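Trainee:
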Amino acid sequence: MMSRQVDQSGADVFSSFEGKVVLVLGAGATGASIVRWLTLNGATVVLADSRENFPGFGLLQREFPEITVRSGPFPDKLFTGVDLVVSSPGVPLGTLPLERLKNQEIP
226 MMSRQVDQSG ADVFSSFEGK VVLVLGAGAT GASIVRWLTL NGATVVLADS
276 RENFPGFGLL QREFPEITVR SGPFPDKLFT GVDLVVSSPG VPLGTLPLER
326 LKNQEIP
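226 is the number of the first residue of the sequence shown in the numbering used here; add one for each residue after it.
Below is the structure:
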């Protein structure tokens, strides 16, 4: 189904999401779409939103009971043990530990 994914530099990221842990930041419309796609493609998904109560929380948990959902601020431990971080456009880049992710070679 998916042949190639690349990062910003054009380097291969994954040829398959099977067995990969993907952290999705932002549970709005874009985040929900990303969760659906990743789940259908075999990823283990952790969804995080900085809002304590976000619209669609119950719906996403019913549709995808296998995903882990976190709400509230993004603690550093949230970024531990993941293979990939996908951020929705509505998540301010200042809230992400970008340097730490880069040092850990997490795309």
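Here a beta-carbon is modelled for each residue, glycine too, at the ideal position from N, C-alpha and C. Predicted, not measured: the structure shown is a model, and the values here were computed from it.
1) Would you call Ala254 buried or exposed, if buried means 16 or more other Cβ atoms sit within 10 Å of its Cβ?
2) Grab me the residues of Thr269's own chain with a C-beta within less than 6 Å of its C-beta, minus the 5 sequence neighbours each way, in chain order.
3) Output the distance between the C-alpha atoms of Ser241 and Arg276, rounded to the nearest integer angstrom.
4) Considering Cα atoms alone, identify which of Leu265, Pro290 and Asp274 is closest to Ser313.
5) Counting along the chain, where does the alpha helix (DSSP H) carrying Leu263 start and finish?
Mentor: If we stick to the structure as given:
1) exposed
2) Val246
3) 30 Å
4) Nearest of Leu265, Pro290 and Asp274 to Ser313, Cα basis: Asp274.
5) Ala254 to Leu265
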